[in-house]
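Everything in the sequence shown is counted per the numbering used here, starting at 39 for the first residue and increasing by one.
Think of the CB as a built atom: it goes at the ideal place given N, C-alpha and C, for glycine as much as any other residue.
Here the structure is a predicted model, which is why all the values come from computation and not from measurement.
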Amino acid sequence: RALFDDRLAHQLAHARAASTSLALLYLDLDGFKNVNDTLGHPAGDELIRQVGTRLAALVRSTDLVARVGGDEFAIIQCDIEGPAEAEILCMRIVEEIILPIDIAGTQARVGVSIGIAMGPADAGERTELARKADIALYEAKSAGKGRYTFFAEGMDASLRRRKEIETGLRTALDTGSGLE
């Protein structure tokens, strides 16, 4: 994760200086919990390894694939012309990950949801760019999984509003007032 953070900061600085773009893709496997629950954690670990191998085969040598959490990956797609290049990669990822994965003679199937933020257009700082890619990922999963979604400013406002409502509801439930 430290290498990923360092590389993202470096690539953002490079993109600003060279007037190019990068895409930050956040990926979450759809149906991974089912693999763990039905085939066991060793099978889940093997699935993660095979997905990582598939992702690495889809990107250029200048890009970076990182596992950032349980069944979450991130890809830094460097030196691209614009969103169309990121979209092409996302389509290839969705098509590749949905293919069956052989684990100890059993065919496991998962899908993938992807959130994309473009740097430096969406954010010029790594933490903010990552936050926006994560918001886009949440939107992709909410829209039905097995898809990719680019970050848009309206998503941030929508998320903030949902958080305000959630906080207000928790306060009302805790205090016993505010609900009618």
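Taking the alpha helix (DSSP H) that residue i belongs to, which residues open and close that run?
i, result
"residue 126", "121 to 135"
"residue 46", "40 to 56"
"residue 87", "79 to 96"
Return the first residue and the last residue of the beta strand (DSSP E) that residue i is part of.
i, result
"residue 102", "102 to 107"
"residue 110", "110 to 118"
"residue 221", "Nothing can be reported for residue 221: it is not among the residues displayed for the chain, which extend from 39 to 218."
"residue 188", "186 to 188"
Under a Cβ-count criterion, where at least 16 other Cβ atoms within 10 Å of its own Cβ denotes burial, should residue i be classed as buried or exposed?
i, result
"residue 119", "exposed"
"residue 49", "buried"
"residue 109", "buried"
"residue 173", "buried"
"residue 218", "exposed"
"residue 75", "exposed"
"residue 55", "exposed"
"residue 211", "exposed"
"residue 94", "exposed"
"residue 181", "exposed"
"residue 124", "buried"
"residue 177", "buried"
"residue 41", "exposed"
Going by the beta-carbon positions, is the gap between residue i and residue j smaller than 8 Å?
i, j, result
"residue 169", "residue 43", "no"
"residue 144", "residue 207", "no"
"residue 150", "residue 68", "yes"
"residue 106", "residue 39", "yes"
"residue 209", "residue 216", "yes"
"residue 96", "residue 46", "no"
"residue 121", "residue 53", "no"
- Item | the stretch 106 to 125 contacting the stretch 58 to 77, beta-carbon criterion three pairs below 8 Å | yes
- Task: Tell me, please, whether the stretch 82 to 91 touches the stretch 131 to 141 by the rule of three or more beta-carbon pairs shorter than 8 Å.
- Result: Of all C-beta pairs linking the stretch 82 to 91 to the stretch 131 to 141, three or more are shorter than 8 Å, placing the two stretches in contact.
- Query: Three or more C-beta pairs closer than 8 Å, one from the stretch 62 to 80 and one from the stretch 143 to 158: is that the case here?
  - Reply: yes
- Please determine if the stretch 126 to 134 and the stretch 182 to 194 are in contact, where contact requires at least 3 C-beta pairs separated by less than 8 Å. yes
- Message: Please give the ranges of any beta strand (DSSP E) in the stretch 132 to 181, keeping only runs that are unbroken, at least 3 residues long and fully inside the region.
- Response: 139 to 141, 144 to 146, 149 to 157
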